[in-house]
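In this note's numbering, the protein residues as written are 526 to 703.
A virtual CB, placed ideally from N, CA and C, is assigned to each residue, including glycine.
Predicted model, so just to flag it, every value in this text is computed and none were measured.
Working notes, beginning with the structure itself.
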Amino acid sequence: MKKTVLYLLAALLATGCTVVRQGEVGVKSKLGRLSDKTHNPGPVAYFPIMQRVIKVPVRTTNVEVTLDLPSKEGLTINTNVSILYHIKPEMAASVLENIGRNYQNVIILSVFRSAAADVSARFYAKDMHSGERALIEKEIAMAMDKIVASRGFVIESVLLKSIKLPEGLSRAIESKLE
């Protein structure tokens, strides 16, 4: 009987430890309530019957989005964009509590779509292929950062990877360059 209790106690203690890896922080949840304290990389002990540790990535995340953006002259530009962002480690518990684990779809992509459309509508389609491209990227990142920074996110960069202009405009630009 004593051995059984000892084995059960040892098994319970062994399952009450997890490892938070580099690039993550851990947030303890006790009976559904999140702790304000975050746990840095390393082992984290918890009581498995009442608690669990939610691991939140705080390293840079790359989200690729294909989107049709409006231009100042009313054209639709098909773009492939990368958003580089990360969660502030000290805000991980707040992100989980206020936004949830699906934060990328809930806030990052929603804010990006709005900011990208607002910014691109102020520029001509040809500007997206010129030196204005860097300015467009910077303005989208700044517009996003104004909204998401207070919620625990850092927008590192927005990169316009590929831009596909409407066929007629593309031909006109090529013939002008020739």
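I need the DSSP call for Gly619, collapsed to helix, strand or coil.
Numbered from its first residue, the sequence shown carries residue 619 at position 94. Residue 619 is actually Ser in this sequence, not Gly. Residue state, collapsed to three classes: helix.
Would you mind sorting Glu622 into buried or exposed? The rule is 16 or more other CB atoms within 10 Å of its CB.
Residue 622 sits at position 97 when you count from the first residue of the sequence shown. Burial call: exposed.
Within its chain, find whatever has a CB closer than 8 Å to the CB of Asp593; leave out the 5 residues flanking it on each side and keep chain order.
Counting from 1 along the sequence shown, the entry for residue 593 is found at position 68. Within the same chain, Asp593 has close Cβ partners Thr601, Ile602, Asn603 and Thr604.
Are the CB atoms of Asn630 and Ser607 nearer to each other than 8 Å?
For the purposes of this step, residue 630 is taken as residue 105 along the sequence shown, with counting starting at 1. For the purposes of this step, residue 607 is taken as residue 82 along the sequence shown, with counting starting at 1. Not a contact, by the Cβ cut-off of 8 Å.
Are Gly551 and Ile574 closer than 8 Å when you measure CB to CB?
Here residue 551 is taken as the residue at index 26 of the sequence shown, counted from 1. Here residue 574 is taken as the residue at index 49 of the sequence shown, counted from 1. Not a contact, by the Cβ cut-off of 8 Å.
List the residues that DSSP assigns as beta-bridge partners of His611.
Locating residue 611 in the sequence shown gives position 86, counting from the first residue. Answer by DSSP bridge pairing, in chain order: Val679.
Decide yes or no for the touch test of the stretch 612-627 against the stretch 655-670: beta carbon pairs closer than 8 Å, at least 3 of them.
no
Which whole-angstrom value describes the C-beta separation of Ala666 and Val683, a residue pair presumed to lie in contact below a C-beta threshold of 8 Å?
Here residue 666 corresponds to residue number 141 of the sequence shown, with the count starting at 1. Here residue 683 corresponds to residue number 158 of the sequence shown, with the count starting at 1. That belief holds up - the Cβ atoms of Ala666 and Val683 are roughly 4 Å apart, short of 8 Å.
Taking the beta carbon of Ala668 as the centre, do at least 16 other beta carbons fall within 10 Å, making it buried, or is it exposed?
Indexing the sequence shown from 1 puts residue 668 at position 143. Result: buried.
Report, in whole angstroms, the separation of the C-beta atoms of Thr590 and Val569, which I expect to be a contact under 8 Å.
As a first step, residue 590 is located in the sequence shown; it is residue number 65 there, counting from the start. As a first step, residue 569 is located in the sequence shown; it is residue number 44 there, counting from the start. Looking at the sequence provided, one finds Val at residue 590 rather than Thr. Not really, about 34 Å apart at Cβ, beyond 8 Å.
To the nearest whole angstrom, what separates the beta carbons of Ser596 and Phe637, a pair I think is in contact under 8 Å?
Locating residue 596 in the sequence shown gives position 71, counting from the first residue. Locating residue 637 in the sequence shown gives position 112, counting from the first residue. Rounded, the Cβ-Cβ distance is 18 Å, inconsistent with contact.
Rounded C-alpha distance that separates Ala646 from Leu559:
Stepping through the sequence shown from its first residue, residue 646 is reached at position 121. Stepping through the sequence shown from its first residue, residue 559 is reached at position 34. Their backbone Cα atoms lie some 41 Å apart in a straight line.
To the nearest angstrom, how far is it from the Cα of Glu692 to the Cα of Ser635?
As a first step, residue 692 must be located in the sequence shown, where it is residue number 167. As a first step, residue 635 must be located in the sequence shown, where it is residue number 110. Their backbone Cα atoms lie some 29 Å apart in a straight line.
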